[in-house]
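Here is the structure we will look at, set down as structure tokens.
Chains as they are written, first to last, in this note's numbering: chain X, 1 to 208; chain Y, 1001 to 1355.
See below:
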């Protein structure tokens, strides 16, 4: 009973937030609504006892990806009118895309095979059941090759992203920290010993 | 003590039935949050006193004996101040930003164990929960900077966002090596994994010493404390993301910052310094002399030492420049923690692993 109530609360929040993502006038607000959608989605995953995925969703998407997203959106000088241009021209295409996606979801979720496989019912586990441990066991045994492949793919993406941004501009001045730390007093300061006071005539002679 | 709690639970269960669980949880939350708020208030006083002593001056000493009522006076002053909302700012976001900063800072306390079983929620994925909650704190800062409609606030918010996201990675890898050693993400189990007959030699700070140092420094950077307080660098961007805030809005940001500081101190004690365990347990003479001390006191003592380090850093180090900050995070801490994860994983397979 309570669970159903909580589910509908989170589901309603997700749908509303997702709607606002595409209807909000301001891009920053749209991004913040996307954050809300992620958070309520994490709540639904918690209801499904998938605490590892829920926390990871918050940690990765809300805590890192969306922060950088907001970062970029806030810095852009966006012309709202320009963004709205061509909305009606692309509208039929968007509707078609949405219809295809809804159709696919019906096809997958309403399928007889899905219903028979038991995926549609949540298995209740004991309190000491660790979702994280089970997930770790699965990806490092049964699904180790797909997992390693995904990891390699990500590694390639990292290397490519770094390679794209790694260029040396001419004329920039940077410091080499190791040189800065290794510097000795003798490199920077020269002590000049000179008498505190002297006669005008003899000053020239004592100059080093 | 435990029996008393059990009888309370049983009678409550009998009296209220299904309503008892929410009520009992609420009571637990109040029991955790109220002392945190109190310690935040007195941490500000401690900070000013300690900074004062380090700079050979008395610090606040006018309000109450030894300045002990100073936090109260500050609180009343901030409560009574007018809240100014800047023109053409986003009012809703402007007001909700301090709340968004404070809420995750307090929510993360739900899984921190103060003693054996003394936690609001005994979560299996406690470590992940902590990471998720602390990563949410950055939203308060970003939204505050954007909603203020001020260039200084915006620059402060951007600096802070980049800084927190960068240091979160180093922190995450530090936590990975902790969970590798403890083989659990439950904070209670992590402390129990450090139990042994050798007292503090069984704690994880010995095999994980580089990670411990990285974790704590990254924690200082995450909470925007000196020497990493570039988000509120008064010499270049006035007061950073909270430039436009006055009264309680400003106070909430400070509450969040100090609550986060105490949280980092608590987590460092739980994961590296044995949490509620006695450092002398099992030692010849000292062990017997100190075993009667309750675990809560050890935990609070360790937290206090870590908090003192926060204040000591602030009095000692000059502020980092932004490129130095980024270099330290990306080029020193992240590779160091990554290497140490591999070292620990290899070390644990050898017979020389003693923890």
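For every residue, glycine included, the Cβ atom is placed at its ideal position computed from N, Cα and C.
| Item | Value |
| --- | --- |
| Could you tell me whether any Cβ in chain Y is nearer than 8 Å to the Cβ of residue 172/X? | no |
| Is the stretch 1164-1180 of chain Y touching the stretch 56-71 of chain X in the sense that three or more CB pairs, one from each, lie closer than 8 Å? | yes |
| With 9 Å as the C-beta to C-beta threshold (strictly closer), list the residues of the stretch 1152-1168 of chain Y near chain X in chain order. | 1154, 1157, 1158, 1161, 1162, 1164, 1165 and 1168 |
| Output, in chain order, the set of chain X residues within a Cβ distance shorter than 9 Å of residue 1181/Y. | None at all; the shortest Cβ gap to chain X is about 16 Å. |
| Using only the alpha-carbon positions, how far apart do residue 1156/Y and residue 1186/Y sit? | 35 Å |
| Could you tell me which of 1054/Y, 1120/Y and 1062/Y sits nearest to residue 1030/Y, measuring between CA atoms? | 1120/Y |
| Would you check if there are 3 or more beta carbon pairs closer than 8 Å linking the stretch 1249-1257 of chain Y to the stretch 1304-1314 of chain Y? | no |
| Which residues mark the beginning and the end of the alpha helix (DSSP H) in which residue 187/X is found? | 185-188 |
| Give me the chain X residues within the contact set of residue 1334/Y, using Cβ-Cβ distance strictly less than 8 Å, ordered along the chain. | Here the premise fails: no neighbours, minimum Cβ distance about 12 Å. |
| May I have a chain-ordered list of the alpha helix (DSSP H) segments no shorter than 4 residues that lie completely inside the stretch 1202-1256 of chain Y? | 1209-1222 and 1234-1237 |
| At which residue ranges does the stretch 1095-1177 of chain Y contain complete alpha helix (DSSP H) runs of 4 or more residues, listed in the order of the chain? | 1126-1147 |
| Which stretch, first to last residue, makes up the alpha helix (DSSP H) that contains residue 140/X? | 131-140 |
| What is the DSSP secondary structure of residue 1189/Y, reduced to helix, strand or coil? | helix |
| Going by DSSP in three states, residue 1054/Y sits in which element: helix, strand or coil? | helix |
| The alpha helix (DSSP H) spanning residue 148/X covers which residue range? | 144-165 |
| DSSP three-state call for residue 1328/Y: helix, strand or coil? | helix |
| Measuring CB to CB, does residue 1070/Y end up less than 8 Å from residue 1064/Y? | yes |
| Residues in the same chain with beta-carbon distance under 8 Å from residue 1314/Y, minus the five sequence neighbours each way, listed in chain order, please. | 1047, 1051, 1225, 1226 and 1227 |
| Mind checking residue 111/X: buried by the 16 CB within 10 Å criterion, or exposed? | exposed |
| Run through DSSP, which three-state label would residue 105/X get? | helix |
| When you compare each of 1101/Y, 1351/Y and 1206/Y to residue 1145/Y by their alpha carbons, which one comes out closest? | 1101/Y |
| Using C-beta distances below 7 Å, list every residue in its chain close to residue 1223/Y, excluding the 5 sequence neighbours before and after it, in chain order. | 1257, 1260, 1261 and 1264 |
| Looking at the C-beta of residue 1024/Y, does it have a partner C-beta in chain X at a distance below 8 Å? | no |
| With H, G and I counted as helix, E and B as strand and the rest as coil, what does DSSP make of residue 1047/Y? | helix |
| Please work out which residues of its chain come closer than 7 Å, Cβ to Cβ, to residue 1280/Y, disregarding the five sequence neighbours upstream and downstream, and give them in chain order. | 1199, 1286, 1287 and 1290 |
| Going along chain Y, which residues have a C-beta under 8 Å from residue 64/X? | 1135, 1165 and 1168 |
| With distance defined between alpha-carbon atoms, name the residue in 1088/Y, 1150/Y, 1176/Y and 1015/Y nearest to residue 1362/Y. | Shown here, chain Y extends from 1001 to 1355; a query on residue 1362/Y therefore has no answer. |
| Does the separation of the CB atoms of residue 1230/Y and residue 1345/Y fall below 8 Å? | no |
| Cβ of residue 1192/Y less than 8 Å from any chain X Cβ? | no |
| Against residue 1142/Y, what residues of chain X qualify as contacts under a CB-to-CB distance less than 8 Å, listed in chain order? | 67, 70, 71 and 74 |
| For residue 1124/Y, count neighbouring Cβ atoms within 10 angstroms of its own Cβ and tell me buried if that reaches 16, exposed if not. | buried |
| Just to confirm the assignment, what range does the alpha helix (DSSP H) spanning residue 180/X have? | 177-182 |
| Is it right to say residue 190/X is buried, meaning 16 or more other beta carbons lie within 10 angstroms of its own, or is it exposed? | exposed |
| Return the residues of the stretch 42-55 of chain X that lie within a Cβ-Cβ distance of less than 9 Å from chain Y, sorted by chain order. | 42, 51, 52, 54 and 55 |
| Between residue 182/X and residue 174/X, what straight-line distance do the alpha-carbon atoms span, to the nearest angstrom? | 16 Å |
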